[in-house]
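Trainee:
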Amino acid sequence: MAVTAPPKLLFRQLFEKESSTYTYLLADIAHPDKPALLIDPVDKTVDRDLGLIKNLGLKLVFALNTHCHADHITATGILKKKVPTVKSVISRSSLAKADILIDGGDKIRIGNLFLEARPTPGHTTGCTTYVTDDAPHHPNPRMAFTGDTVLIGGCGRTDFQGGSSEKLYRSAHSQIFTLPKQTLLYPAHDYRGFTVTTVEQEALYNPRLTQDEEAFINTMKKLKLPYPKMIDIAVPANLVCGIQDSKI
């Protein structure tokens with residue numbers, strides 16, 4: 218009988234400076250195929266990311282988005298053209314096109330690792346947080362990729378793309394802050410040079426999300442943020458996988 222090797226996580230955090238976006242590479246390098254996935258890939262860094270995947274001897278299987286981005290164009294469509302076997306993934310509620318439309322509780326598997334999809338709407342209607350599973354031999358502490366729902370010491374704006382301050386607050390508290398307190402949180406962006414936080418840190422010290430719900434909603438109303446400079450280009454492209462003529 219063949220013995221299945223316990224999974225071994227390879228993890229890389231990659232940065233795109235123009236939009237301050239983090240892309241995450243995960244792979245199970247104990248599996249014979251070394252299957253990998255990318256979370257929130259950016260069009261400007263496709264060659265960098267594919268070069269890294271090649272150098273590490275990985276097989277890219279999935280390209281995931283945490284939501285339909287307004288500040289950059291996803292690389293998902295470009296990746297599919299360069300590596301035709303890659304499957305694009307986004308939440309069904311985002312109303313964007315992809316090979317795999319996920320709902321809350323769905324799992325994306327690479328080898329013997331998986332990410333669970335947790336709906337965390339509020340920044341947009343389709344925001345999803347991807348969480349590593351909690352099997353004893355899997356990544357410990359757990360990791361959660363929060364998109365723009367929970368940032369390091371902040372959260373995403375809620376004034377466009379069906380955003381809702383009430384939904385974001387409840388998403389963060391019910392779907393993210395209920396994870397074990399040592400869970401590592403990796404956001405889609407950071408503008409101050411920070412790379413990672415934890416559930417415990419954000420639940421105790423996040424200046425927005427530690428307020429009560431009414432105060433949080435009032436805070437978000439008063440932000441008066443500028444119109445996102447890329448939104449009119451990025452959102453239409455991202456609804457069709459990042460390529461305007463994409464069929465997926």
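FYI, my numbering numbers position 206 of the sequence shown as 423, with every residue one higher than the one before it. Every residue gets a Cβ at the ideal spot worked out from N, C-alpha and C, and that includes glycine. For clarity, every value in this text was computed on a predicted model and none was experimentally measured.
Identify the residues that DSSP records as bridge partners of residue 247: which are they?
Mentor: Answer is none; residue 247 lacks a bridge partner.
Trainee: Start and end of the alpha helix (DSSP H) containing residue 265?
Mentor: Membership of residue 265 in the alpha helix (DSSP H) is indicated by the continuous run 263-272.
Trainee: Kindly indicate the opening and closing residues of the alpha helix (DSSP H) around residue 324.
Mentor: Unbroken run through residue 324 is the beta strand (DSSP E), 324-327; no alpha helix (DSSP H).
Trainee: Roughly how many whole angstroms lie between the Cα atoms of residue 445 and residue 287?
Mentor: 7 Å
Trainee: Is residue 392 helix, strand or coil by DSSP?
Mentor: helix
Trainee: Three-state secondary structure (DSSP) at residue 371?
Mentor: strand
Trainee: Bridge partners of residue 239, per DSSP?
Mentor: 232
Trainee: Give the range of the alpha helix (DSSP H) segment to which residue 298 is assigned.
Mentor: 293-299
Trainee: Enumerate in chain order the residues of its own chain whose CB-to-CB distance from residue 304 is below 6 Å, with the five nearest sequence positions on each side excluded.
Mentor: Excluding sequence neighbours, residue 304 sits near 279, 316, 317.
Trainee: Name the one or two DSSP bridge partners that residue 360 has.
Mentor: 401
Trainee: Thinking C-alpha only, which one of 269, 274, 319, 262 is nearest residue 294?
Mentor: 262
Trainee: Give a yes or no on whether the C-beta atoms belonging to residue 331 and residue 350 are separated by under 8 Å.
Mentor: yes
Trainee: Give me the Cβ distance between residue 393 and residue 337, rounded to the nearest whole Å; I'm assuming they're in contact under 8 Å.
Mentor: 7 Å
Trainee: Once DSSP output is grouped into helix, strand and coil, what is the label at residue 467?
Mentor: Summary: the structure shown does not reach residue 467, with the chain confined to residues 218 through 465, and so no result is reported for it.
Trainee: Can you tell me where the beta strand (DSSP E) holding residue 444 begins and where it ends?
Mentor: Residue 444 -> no beta strand (DSSP E), and no H or E assigned at all.
Trainee: Using only alpha-carbon positions, find the residue among 247, 223, 270 that is nearest to residue 229.
Mentor: 270
Trainee: How many Å lie between residue 380 and residue 255 at the Cα?
Mentor: 25 Å
Trainee: What's the C-alpha gap between residue 240 and residue 419?
Mentor: 21 Å
Trainee: Once the 5 residues before and after residue 232 are set aside, which same chain residues still bring their CB inside 8 Å of it?
Mentor: 238, 239, 240
Trainee: To the nearest angstrom, how far is the alpha carbon of residue 345 from that of residue 284?
Mentor: Going from the Cα of residue 345 to the Cα of residue 284 covers about 6 Å.
Trainee: Does residue 425 come out as helix, strand or coil in the three-state DSSP assignment?
Mentor: coil
Trainee: Identify, in the order they occur along the chain, each residue of the same chain with its Cβ nearer than 6 Å to the Cβ of residue 277, setting aside the five sequence neighbours on each side.
Mentor: 253, 270, 300, 303
Trainee: Helix, strand or coil for residue 386, going by three-state DSSP, please let me know.
Mentor: helix
Trainee: Assuming residue 414 contacts residue 359 (C-beta within less than 8 Å), just tell me the rounded distance between them.
Mentor: With 8 Å as the limit, residue 414 and residue 359 do not qualify as a contact, their Cβ atoms being about 13 Å apart.
Trainee: Within the continuous beta strand (DSSP E) that includes residue 331, where are the two ends?
Mentor: Segment 330-336, the beta strand (DSSP E) holding residue 331.
Trainee: Let's test the definition: count the other Cβ atoms within 10 Å of the Cβ of residue 454 and tell me whether it reaches 16, buried, or not, exposed.
Mentor: buried
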